[in-house]
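Encoded as structure tokens, the structure appears first; notes follow it.
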Amino acid sequence: MADDEQLRTALVEDLDAGFEAVVRTHGDVVHAVARRTADRPADAEDLAAEAFLRAYRALRGYDAARIERLDLRPWLLTILLNTARNDRRDAARRPRTDGAADPPDRASPAPGPAERAEATDLGDRLAALLAELPVAQRTAVVLRHVVDLPVAEVASVLACSDGTARSHAARGLAALRSRLTAPPPEETS
Numbered sequence: 001m002a003d004d005e006q007l008r009t010a011l012v013e014d015l016d017a018g019f020e021a022v023v024r025t026h027g028d029v030v031h032a033v034a035r036r037t038a039d040r041p042a043d044a045e046d047l048a049a050e051a052f053l054r055a056y057r058a059l060r061g062y063d064a065a066r067i068e069r070l071d072l073r074p075w076l077l078t079i080l081l082n083t084a085r086n087d088r089r090d091a092a093r094r095p096r097t098d099g100a101a102d103p104p105d106r107a108s109p110a111p112g113p114a115e116r117a118e119a120t121d122l123g124d125r126l127a128a129l130l131a132e133l134p135v136a137q138r139t140a141v142v143l144r145h146v147v148d149l150p151v152a153e154v155a156s157v158l159a160c161s162d163g164t165a166r167s168h169a170a171r172g173l174a175a176l177r178s179r180l181t182a183p184p185p186e187e188t189s
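For what it's worth, the UniProt record's numbering labels the leading residue of the sequence shown as 1, then goes sequentially.
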């Protein structure tokens with residue numbers, strides 16, 4: 001895996017080849033965060049692709065000195081999160097007018113062993129609970145505990161101090177724990 005200094009040098013020398021190396025190096029992290037950030041799992045791939053496109057366009061306008069100062073992973077994740085926020089804002093402004101219902105987030109799981117069903121149920125429940133968290137807490141939890149970024153990078157992406165990033169992650173985890181251990185709401189018939 002190339003380090004950021006080599007990637008920045010490659011970007012300065014040949015933007016196209018250098019950017020390909022950036023995508024290979026940081027693509028998994030960007031896609032993982034996109035899957036947890038997108039409102040619908042089906043949108044995650046489009047979100048990641050749009051973030052990479054925006055990053056490439058931005059790099060075309062940067063001079064060599066600016067490229068050499070970039071912290072690539074936090075920079076890419078900031079672009080991704082801004083793209084997701086903009087997409088949510090735009091979707092709220094323009095509701096669907098084609099009369100079609102939104103497709104389901106996930107196809108129903110195929111019948112399988114009980115363990116697989118339980119794991120799927122828990123994963124679905126965790127994803128739903130994660131989506132209920134405030135954006136800062138959800139982002140901090142995903143970056144710190146799903147993607148396993150260091151606190152300093154989480155803080156850089158969230159544009160806050162290390163202590164605030166830790167606080168967002170801790171509060172998000174505490175909220176998830178309390179919601180997971182809370183008894184399910186009683187259904188009324």
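Don't be surprised by glycine CBs; every beta carbon is placed ideally from N, CA and C.
Tell me which residues share the same chain as residue i and place their Cβ nearer than 7 Å to its Cβ, disregarding the 5 neighbours each side in the sequence.
i	result
A84	T37, A38, L47
A55	L76, I79
E68	R8, V12
L15	L59, R60
E50	T83
V23	F52
Using DSSP with H/G/I as helix, E/B as strand and the rest coil, what is residue i?
i	result
R35	helix
S156	helix
S161	coil
G172	helix
L143	helix
D16	helix
L7	helix
L70	coil
S178	helix
P134	coil
R54	helix
I123	Checking the sequence shown, residue 123 turns out to be Gly, not Ile. Three-state DSSP puts G123 in a helix.
G61	coil
Indicate, with yes or no, if the ligand MG has a heavy atom lying under 7 Å from the CB of residue i.
i	result
A49	As far as ligands go, the structure on display features none, and thus does not contain the ligand MG.
Keeping to the same chain, check which residues put their C-beta closer than 6 Å to that of residue i; ignore five residues upstream and five downstream.
i	result
L129	L176, R179
What's the gap between the Cα of residue i and the Cα of residue j?
i	j	result
D3	D63	20 Å
residue 206	R171	This structure gives no information on residue 206, because the portion of the chain shown stretches from 1 to 189.
H145	R35	14 Å
R40	D124	12 Å
A127	A42	14 Å
Could you round the C-beta distance between residue i and residue j to whole angstroms and report it? I think they count as a contact, below 8 Å.
i	j	result
P74	S161	P74 to S161, Cβ: 14 Å. No contact.
A165	V154	4 Å
T25	L11	At roughly 11 Å, the Cβ-Cβ gap does not stay under 8 Å, so T25 and L11 are not in contact.
Within 10 Å of its beta-carbon, does residue i have 16 or more other beta-carbons around it, so buried, or fewer, so exposed?
i	result
A174	exposed
G27	exposed
Among the residues of its own chain, which have a CB less than 8 Å from the CB of residue i, if the five just before and after it don't count?
i	result
D71	D4, E153, S156
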